[in-house]
Amino acid sequence: MKKVLILGAKGNLGTQLVKVFQNNYQVLAWDREELDFLNFEKLAKKIRAEKPEIIINAVAYNNVDACEEDIKELDLAYKLNRDLPKNLAQIAVGIKAKLVHFSTDYVFGGEVDQKFYNEKDSPSPIQSYGETKYAGEKEIARIKVKNKNLKYFLIRTSKLFGPKGESEFAKASFFDVMLNLAKTKDQLDVVNEEWSCFTYTFDLAQATKTILKKNYNSGIYHIVNDGAVSWYESVIELFKIQNIEIKVNPVGSDKFPRPAKRPMSSILQNTRFPKLRNYTEALAEYLKNKV
Ligand SMILES: NC(=O)c1ccc[n+]([C@@H]2O[C@H](COP(=O)([O-])OP(=O)(O)OC[C@H]3O[C@@H](n4cnc5c(N)ncnc54)[C@H](OP(=O)(O)O)[C@@H]3O)[C@@H](O)[C@H]2O)c1
C-alpha cells in the first residue's frame, strides 16, 4: 500500500480525506496535536523520516476578514498559506513525493466583468486572504520550474460544506448555520450576490483520490460541485430539500458589511476533470446522512 501523509487531518476537508484514503492507502494523519506545522525544520525532519509517496496539504488559514483587520493574523496567514506549501514543495522534491495542495476561488475576482474562471485564467485577488493563497500557488509553481520532476496537483475549490471536522476548532458549514437560524427566526435575510460553486468535502476528497490513482498530469485543477448559485439561491434549495417553510428575503451584500471584499462572481470552471454532481444532490446526501 502506498503511504500518504495528510496534513490538517482534523480540519473539515482533512477529516474527509482521511476517511476516503484509509481504505486503499497507508494513511499518516497529522494535525496540530502531532506537530505545529509552522516549525518547518521539525516538520521536514519528520516527513523525511516517514518518506511518504504522497503529501496532501489540507492546512490553511481561512479567516478571510481577520486578514484584513489584524496584521498579526495576516502574518500567520502568509506563514500557513504561502510558506508552508513552499516548504512542502521543497520536501516533496527531496523525497520524490507527489504534492497535493488546495487553493480557493478567492484568488479571482479582480476582473470586474468576468464571472467564470478556468484553470488558465490569471488570478486577481481582491482581498488579503486571496493574496496569501495566491502567494502559496506562486511558490509551488516557482519550485516546479526549477525542479521539473516535481509532480504536484494544485486544486482550487470553493464554499466547502459537509460534516464538521474532528478538530475542536472546526467550523460548522454555511448550510448548518442556516438550519440553526431557521429554528429560532421566522424570516431570514440572505445575500443574493457572490455567485460561486459549493463543494461537498466528501466529493472533493473522492476527486482528489481519483486524480492520484489515475495519475493525472501535474498542474491546476478546479474541483467544485456543479451548479453555481448565490447564497440566497442555495438557501432556497436547502429549505426545499428539508421541507422547511420560512420566508427568505434576498438582500444585497451591503446589508452585511464585512472587512474583506468578496468577489461578485468567482465561479470556477472545471475543464480538466470529469464534472462533479450538482451541489443539490450532494447536499441532499449530506443532510440525509447527518446524525
Ligand atoms: N472552507 C472553505 O469554504 C474553503 C473554500 C475554498 C478553499 N478552501 C481550501 O480548502 C482547504 C481546506 O479547508 P478547510 O475549510 O477544511 O480548513 P480547516 O477546517 O480550517 O482545517 C485546517 C486545518 O489546519 C490545521 N492547522 C492550522 N494551523 C496549524 C498549525 N500551525 N499546525 C498544525 N495544524 C494547523 C487546523 O488545526 P486546528 O483545527 O487545530 O486549528 C485544521 O485542522 C484549505 O486549503 C482552504 O484554503 C476552503
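Numbering follows my numbering, with no gaps: position 75 of the sequence shown is 59. By construction, the Cβ of each residue, glycine as well, lies at the ideal position given by its N, Cα and C atoms.
Practice task
For F158, name the three-state secondary structure that DSSP assigns.
Solution key: Helix.
Problem - Closer than 7 Å: D89 CB and nearest ligand 1 heavy atom - result: yes
Exercise for the section: Determine the DSSP secondary structure at Y263, reduced to helix, strand or coil. Expected result: Of the three classes helix, strand and coil, the one that applies to Y263 here is helix, per DSSP.
Practice task
Would you kindly report the start and end of the unbroken alpha helix (DSSP H) that includes V2?
Solution key: Boundaries of the alpha helix (DSSP H) harbouring V2: -4 to 5, taken from the DSSP string.
Exercise for the section: Tell whether a beta-carbon distance below 8 Å holds between L45 and N65. Expected result: Checking the sequence, you will find Tyr at residue 45 rather than Leu. Going by C-beta atoms, Y45 is nearer than 8 Å to N65.
Exercise for the section: Check whether the segment 222 to 239 touches the segment 120 to 132, counting contact only when three or more Cβ pairs, one atom from each stretch, lie closer than 8 Å. Expected result: With a cut-off of 8 Å, the segment 120 to 132 and the segment 222 to 239 do not count as touching, because too few Cβ pairs lie within range.
Exercise for the section: In the DSSP assignment, find the alpha helix (DSSP H) that holds W215 and state where it starts and stops. Expected result: Residue range 215 to 225 is occupied by the alpha helix (DSSP H) that includes W215.
Handout entry: Contiguous beta strand (DSSP E) assignments of at least 3 residues, all confined to the segment 111 to 160
Key = Runs of the beta strand (DSSP E) inside the segment 111 to 160: 136 to 141.
Handout entry: I110 beta carbon less than 8 Å from that of P247
Key = yes
Handout entry: Which listed residue (F100, D210, F159, T194) has its alpha carbon closest to that of N8
Key = Measuring from the Cα of N8, the nearest candidate turns out to be T194.
Problem - Alpha carbon of F31 to alpha carbon of I75, nearest angstrom - result: First, the amino acid is wrong: residue 31 is Ile here, not Phe. If you draw a straight line from the Cα of I31 to the Cα of I75, it is about 8 Å long.
Practice task
Rank E18, F186, L(-3) by C-alpha distance to the C-alpha of N41 and give the top, closest one.
Solution key: The candidate whose alpha carbon is nearest that of N41 is L(-3).
Exercise for the section: Determine the DSSP secondary structure at V91, reduced to helix, strand or coil. Expected result: helix
Handout entry: Assigned secondary structure, F186 (DSSP; H/G/I helix, E/B strand, else coil)
Key = helix
Exercise for the section: Leaving aside the five residues before and after Q253 along the sequence, list all residues of the same chain whose C-beta is less than 7 Å from its C-beta, in chain order. Expected result: F100, Y101, N102, H206
Exercise for the section: Take every Cβ of the segment 5 to 21, pair it with every Cβ of the segment 168 to 183, and state whether three or more of those distances are shorter than 8 Å. Expected result: With a cut-off of 8 Å, the segment 168 to 183 and the segment 5 to 21 do not count as touching, because too few Cβ pairs lie within range.
Handout entry: Near ligand 1: A28 beta-carbon under 7 Å from a heavy atom
Key = no
Problem - Residue(s) in a DSSP beta bridge with V84 - result: I40, F137
Problem - Contacting residues, own chain, Cβ-Cβ under 6 Å from F24 (five flanking each side not counted) - result: Taken in chain order, the residues that qualify are N71.
Exercise for the section: Return the residue from the list T183, K104, D210, E152 that minimises the CA-CA distance to K143. Expected result: T183
Exercise for the section: Sort V235, K63, E115 by Cα distance to Q171 and report the nearest one. Expected result: V235
Handout entry: T116 and A33 closer than 8 Å at C-beta
Key = no
Exercise for the section: State yes or no: is the C-beta of Q6 within less than 8 Å of the C-beta of T185? Expected result: no
Practice task
Sort P241, P258, I220 by Cα distance to D49 and report the nearest one.
Solution key: P241
Exercise for the section: Measure the alpha-carbon distance for S108 versus R261 and round it to whole angstroms. Expected result: 28 Å
Problem - Residue environment, P279, which counts as buried when at least 16 other CB atoms sit within 10 Å - result: Because residue 279 is not part of the residues shown, which for the chain are -15 to 275, the question remains open.
Exercise for the section: Could you name the residues that DSSP lists as bridge partners for Y101? Expected result: L252
Exercise for the section: Rounded to whole angstroms, what's the CA-CA distance from L138 to P69? Just pull it up for me. Expected result: Cα to Cα, the separation comes out at about 10 Å.
Exercise for the section: Verify whether the separation of the beta carbon atoms of V161 and W215 is less than 8 Å. Expected result: Annotated as distal: V161 and W215, with beta-carbon spacing of 8 Å or more.
Problem - Rounded straight-line distance, which links the Cα of K130 to that of F159 - result: Answer to the nearest angstrom: the Cα atoms are 43 Å apart.
Problem - Cβ neighbours of A13 in the same chain (closer than 7 Å, five flanking residues each side left out) - result: I(-10), A(-7), V2
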